[in-house]
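Residue numbers (the UniProt record's numbering), protein chains in the order written: chain A, 1 to 184; chain B, 1 to 423. Beta carbons: idealized from backbone N, C-alpha and C, even for Gly. Working notes, structure below.
In structure tokens form, the structure reads like this:
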């Protein structure tokens, strides 16, 4: 291969490698700085990923939308429009197969599951919260331990949302960030 | 090799086979350049290993996820190794540094790109699955195949493409995305072909095994809900392998250097043995659903097998063609019969296997090839063992049959040995 082509290919590769990661940073920083903040009630569990380390999976209360329309395809994406109550907790405004031009609320894209019991089920796209290796399992234990005692536990995820982009920034257990709660 | 030759030189000079001058020239030819290139190769291997370990080390350290570190420090830690790798590789290309430099920088950059994507998605808690992560990583590193002539880049590309296929292709109700895997694999084909043009290329010899093995492992990306389609896909793939293994390029290569032929012939027999059970046809053919992607895959592989067979007919005379080259076609016909009548298909597969065994034994005996003869006997034995599971035969009779097969092995090999001695 000619030297010029090699330099060109190398240059393009370097740009692609940097841009691929940098645009994720830019997009998410923009949402953190200017997006709306929502709270989603949840419960954490602890698996791990071979490259990105330990994380907790969040199991959200918001996971279905009541509808009589059964014409939803499994695995397809849909627009979930959200509202927020006085305490900042998120609730479903509506679920739509297409983007709604006249709905002013924030939306996120969700993957659809099955339709049963008059509801269409879906997964929220921010169910992964990475934690320090030693803390992920403890976080799960902490949640289970508190639940066993029958104490009403308030666990929610803090999510910034803007124009379909979302950033999960924290998981809060009884008013304390899960990172600090585990330390105690 | 060189040690053997140089040790024999004094004897050759003493008996006036070669002159003293020639002996000196031979010593000079084998000794000096070899030492230099061997030490270079060793440095390159250590360089690659070092870079791979450092890269993996960075990924693991990042995976710990340091809570105490502020976000911007984590982001710097993510981008720094990647930019360092890019600078090192850019420098080695611009200054045309040695292969040691290029290989080490390539491997380091490969892993640091993965570490960067991983850490950035960790910082922002991005839920993307492992498949999309591996895909992004492999695609971003694909140009490494061509910017230097790095050999490690081909292996890394092949390993990660296969890994991608494994995590997308296996499991229940998986999303079949065969196209992406084949696009990734085809990106390294020009490098593979150019390595084949090099004389005595160890890389090409390794790729003759790794590439077919990768395709074999990744084939589940082509089917999802129809187990019966898998039989057909695998058989057509083995048909392609056997026919590629018969190309004139492989004519002077040993069986160990011909991964296509080895995987193709062994795979064909294993698949035939599996389908020699009636249950395989009875249960796996119950599912009537066949996806479009599965139909396209079957047609593509079938046409591929026919094409490589056609190329072979141009190089080989009709008598030189091996029956293994056409088994994929026979199996295709039996498969169609199996769709209507599973019992007939099972019987035909058993007859086919038996015929292959007998032909191989005859060929081995005629040409005094121990490997062919024993391969034929192994096929017949395996067929008999498989039938034990179908039929109710008493243990005593089973034992006697095994005993006679064992004795048969000894006697046949002994007769062959005697025949060889006579010749």
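Closest Cα partner of residue i within the set the options
| i | options | result |
| --- | --- | --- |
| residue 105 of chain A | A/19, A/98, A/12 and A/36 | A/36 |
| residue 98 of chain B | B/270, B/339 and B/44 | B/44 |
| residue 333 of chain B | B/316, B/354, B/313 and B/302 | B/302 |
| residue 386 of chain B | B/402, B/373 and B/227 | B/402 |
| residue 123 of chain A | A/162, A/169 and A/79 | A/79 |
| residue 254 of chain B | B/83, B/220 and B/205 | B/205 |
| residue 259 of chain B | B/281, B/185 and B/214 | B/214 |
| residue 275 of chain B | B/372, B/348, B/240 and B/313 | B/348 |
| residue 415 of chain B | B/395, B/382, B/374 and B/383 | B/374 |
| residue 4 of chain A | B/83, B/112 and B/146 | B/146 |
| residue 419 of chain B | B/370, B/382 and B/378 | B/370 |
| residue 72 of chain A | A/121, A/179 and A/62 | A/121 |
Closer than 9 Å to chain B by CB, residue i
| i | result |
| --- | --- |
| residue 14 of chain A | yes |
| residue 41 of chain A | no |
| residue 169 of chain A | yes |
| residue 128 of chain A | yes |
| residue 119 of chain A | no |
| residue 66 of chain A | no |
Interface flag, residue i vs chain A, CB-CB below 9 Å
| i | result |
| --- | --- |
| residue 310 of chain B | no |
| residue 75 of chain B | yes |
| residue 144 of chain B | yes |
| residue 121 of chain B | yes |
| residue 434 of chain B | Lying before the first or after the last residue shown, residue 434 of chain B is absent from chain B, which here runs from 1 to 423. |
| residue 150 of chain B | no |
| residue 90 of chain B | yes |
| residue 140 of chain B | yes |
| residue 5 of chain B | no |
| residue 291 of chain B | no |
| residue 108 of chain B | no |
| residue 79 of chain B | yes |
| residue 323 of chain B | no |
| residue 93 of chain B | yes |
DSSP-derived helix/strand/coil call for residue i
| i | result |
| --- | --- |
| residue 86 of chain A | coil |
| residue 69 of chain B | coil |
| residue 128 of chain A | strand |
| residue 13 of chain A | helix |
| residue 56 of chain B | helix |
| residue 187 of chain B | coil |
| residue 41 of chain A | strand |
| residue 111 of chain A | strand |
| residue 316 of chain B | coil |
| residue 157 of chain B | helix |
| residue 36 of chain B | Residue placement at residue 36 of chain B cannot be trusted, given a pLDDT of 48 that sits under 50; the coordinates are not used to answer. |
| residue 34 of chain A | helix |
| residue 101 of chain A | coil |
| residue 77 of chain A | strand |
| residue 148 of chain B | coil |
| residue 125 of chain B | coil |
| residue 247 of chain B | coil |
| residue 118 of chain A | coil |
| residue 60 of chain A | strand |
| residue 271 of chain B | helix |
With 16 other Cβ atoms within 10 Å as the buried cut-off, status of residue i
| i | result |
| --- | --- |
| residue 138 of chain B | buried |
| residue 83 of chain A | exposed |
| residue 106 of chain B | buried |
| residue 343 of chain B | exposed |
| residue 151 of chain B | buried |
| residue 182 of chain A | buried |
| residue 117 of chain A | exposed |
| residue 140 of chain A | buried |
| residue 268 of chain B | buried |
| residue 228 of chain B | buried |
| residue 47 of chain B | buried |
| residue 350 of chain B | buried |
| residue 360 of chain B | buried |
| residue 298 of chain B | buried |
| residue 339 of chain B | exposed |
| residue 190 of chain B | exposed |
| residue 323 of chain B | exposed |
| residue 86 of chain B | buried |
| residue 101 of chain A | exposed |
| residue 404 of chain B | exposed |
For the segment 231–247 of chain B against the segment 304–314 of chain B, do three or more pairs of beta-carbon atoms, one drawn from each stretch, fall closer than 8 Å, so that the two count as touching? Taking 8 Å as the limit for Cβ pairs, the verdict is that the segment 304–314 of chain B does touch the segment 231–247 of chain B.
For the pair the segment 107–120 of chain B and the segment 5–21 of chain A, tell me if three or more CB-CB distances fall below 8 Å. With a cut-off of 8 Å, the segment 5–21 of chain A and the segment 107–120 of chain B count as touching, because enough Cβ pairs lie within range.
Are the segment 120–135 of chain B and the segment 120–134 of chain A touching, with three or more C-beta to C-beta distances below 8 Å? Judged by Cβ distances under 8 Å, the segment 120–135 of chain B makes contact with the segment 120–134 of chain A, as three or more pairs qualify.
Evaluate contact between the segment 159–172 of chain B and the segment 215–222 of chain B, counting only Cβ atoms and requiring at least three cross-stretch pairs below 8 Å. A contact between stretches requires three or more CB pairs, one per stretch, nearer than 8 Å, and the segment 159–172 of chain B meets this requirement with the segment 215–222 of chain B.
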